[in-house]
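Worksheet: one structure, shown below.
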Amino acid sequence: GENVEQHPSTLSVQEGDSAVIKCTYSDSASNYFPWYKQELGKGPQLIIDIRSNVGEKKDQRIAVTLNKTAKHFSLHITETQPEDSAVYFCAATSDTDKLIFGTGTRLQVFP
Amino acid sequence: EAGVVQSPRYKIIEKKQPVAFWCNPISGHNTLYWYLQNLGQGPELLIRYENEEAVDDSQLPKDRFSAERLKGVDSTLKIQPAELGDSAVYLCASSFGTDTQYFGPGTRLTVL
């Protein structure tokens, strides 16, 4: 079955710097890759997603890149702000719609 | 538009007791998911419903866990009897078909 690995487990950056979180997946049939942000005491919230027919997608300060050959995808946050502090999860799925999540990255943005 | 609603938000019980969680999905979403999230981990799927049919319950420990989604809207997840290792956050999510999954706030279960 699908396996998703996520790195790093923790990431600390200064406000205004960029943050990058990387994930690799094992199932070459996976074709949908969402990223979720989870704040303390809340459920995961979708922040951006990408499908396998696209190599990059951007939404304001957030971007995701996908390398199907290497089976990895990354989340890029530019101009980080303290409110970006949270746990971020990547996930992957094929058409079976069963999301397989990574183990999460705790991002801390220091003022 | 209201999001996914879950109750209770927190539950503390003693081991061997039963417990139930309730989920109300986003209006119009025919697919409903129950996930288990252990501390420091990503969510793991327990069961997925399409309308009232459970289409994937392969990860649901059927000896003590049960779920139902009567009338294809609200859903309940039950554990009987609860064990210490069941302490976790139980998340409900919903989607329209296989579109984006939207998560509720979760129920944090503590088994003493």
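If you're matching them up, the sequences are chains E and F in order. For the first sequence, my numbering begins at 131 and goes up steadily by one. For the second sequence, my numbering begins at 551 and goes up steadily by one. Quick reminder that beta carbons are idealized off the backbone N, C-alpha and C, glycines included.
Quick one: grab the DSSP three-state call for F/Pro659. On the second sequence, position 109 is the one that residue 659 of chain F refers to. The residue asked about is misnamed: residue 659 of chain F is Leu in this sequence, not Pro. Strand, per DSSP.
For F/Asp649, which of helix, strand or coil comes out of DSSP? Residue mapping note: residue 649 of chain F aligns to position 99 of the second sequence, counting from 1. The answer is coil: DSSP assigns F/Asp649 none of H, G, I, E or B.
Chain F residues whose Cβ lies nearer than 8 Å to that of E/Lys228: One-based indexing of the first sequence puts residue 228 of chain E at position 98. The answer, in chain order, is Leu595, Arg598 and Asp606.
Rounded C-beta distance between E/Thr154 and E/Lys187? I'm assuming under 8 Å. The residue you call residue 154 of chain E lines up with position 24 of the first sequence. The residue you call residue 187 of chain E lines up with position 57 of the first sequence. The Cβ separation is near 18 Å, so there is no contact.
Using the C-alpha atoms, what's the distance from E/Ile151 back to E/Pro138? Translated into the one-based positions of the first sequence, residue 138 of chain E becomes position 8. Translated into the one-based positions of the first sequence, residue 151 of chain E becomes position 21. Those two C-alpha atoms are separated by around 7 Å.
With 7 Å set as the bound, which would you pick, yes or no: does the beta-carbon of E/Leu141 sit closer than that to a beta-carbon of chain F? Taking the first sequence and counting its residues from 1, the one referred to as residue 141 of chain E is at position 11. It does not; no Cβ of chain F falls within 7 Å.
Interface residues of chain F around E/Gln238 at Cβ under 8 Å? Translated into the one-based positions of the first sequence, residue 238 of chain E becomes position 108. Those within 8 Å of E/Gln238 in chain F number zero; the least Cβ separation is about 15 Å.
Coarse secondary structure for F/Asp613, derived from DSSP in three states: Position 63 of the second sequence, counted from the first residue, corresponds to residue 613 of chain F. Coil.
Any beta carbon of chain E sitting closer than 7 Å to that of F/Leu641? By one-based count along the second sequence, residue 641 of chain F stands at place 91. Interface residue, yes.
Beta-carbon separation (whole angstroms), F/Gly647 vs F/Asn580, contact threshold 8 Å: By one-based count along the second sequence, residue 647 of chain F stands at place 97. By one-based count along the second sequence, residue 580 of chain F stands at place 30. The Cβ separation is near 7 Å, so the contact holds.
Which residue comes first and which comes last in the beta strand (DSSP E) that contains F/Ser608? One-based indexing of the second sequence puts residue 608 of chain F at position 58. First-last for F/Ser608: undefined, no H or E at that position.
What three-state label does DSSP hand E/Glu213 in the structure shown? In the first sequence, the residue the question calls residue 213 of chain E occupies position 83. It is helical.
From the DSSP output, read off the bridge partner residues of E/Gln190. Here the question's residue 190 of chain E lines up with position 60 in the first sequence. BP columns for E/Gln190 are empty, so no partner.
Inspect the beta-carbon positions of F/Leu641 and F/Gln587 and report whether they are closer than 7 Å. The residue labelled residue 641 of chain F in the question sits at position 91 within the second sequence. The residue labelled residue 587 of chain F in the question sits at position 37 within the second sequence. Remark: C-beta atoms of F/Leu641 and F/Gln587 approach each other more closely than 7 Å.
With DSSP as the reference, please indicate the residues paired to E/His202 in a beta bridge. Taking the first residue of the first sequence as 1, we reach residue 202 of chain E at position 72. E/Thr154 and E/Asn197.
Rounded to the nearest angstrom, how far is the Cβ of E/Gln136 from that of E/Thr233, given a contact under 8 Å? Taking the first residue of the first sequence as 1, we reach residue 136 of chain E at position 6. Taking the first residue of the first sequence as 1, we reach residue 233 of chain E at position 103. Indeed they touch by this definition, with Cβ atoms about 5 Å apart.
Alpha carbon of F/Gln591 to alpha carbon of E/Val217, nearest angstrom: Reading the second sequence from its first residue, position 41 is the one you call residue 591 of chain F. Reading the first sequence from its first residue, position 87 is the one you call residue 217 of chain E. Those two C-alpha atoms are separated by around 10 Å.
Which residue's Cα is closest to the Cα of E/Trp165: E/Arg236, E/Ala221 and E/Val239? To locate residue 165 of chain E, count along the first sequence from 1; it is residue 35. Ranking E/Arg236, E/Ala221 and E/Val239 by Cα distance to E/Trp165 puts E/Ala221 first.
Within the 7 Å Cβ cut-off, does F/Gly622 reach chain E? Reading the second sequence from its first residue, position 72 is the one you call residue 622 of chain F. No, because no Cβ of chain E sits closer than 7 Å to the Cβ of F/Gly622.
Step through the CB atoms of chain F and report whether any lies within less than 7 Å of the CB of E/Pro174. As a working mapping, residue 174 of chain E is identified with position 44 in the first sequence. Among the CB atoms of chain F, one or more fall inside 7 Å of the CB of E/Pro174.
For F/Leu662, which option in F/Pro558, F/Val554 and F/Ile562 has the closest C-alpha, if you only look at C-alpha atoms? Position 112 of the second sequence holds residue 662 of chain F. Among F/Pro558, F/Val554 and F/Ile562, the Cα nearest to that of F/Leu662 belongs to F/Ile562.
What are the partner residues of F/Gln556, as DSSP defines its beta bridges? To locate residue 556 of chain F, count along the second sequence from 1; it is residue 6. F/Cys573.
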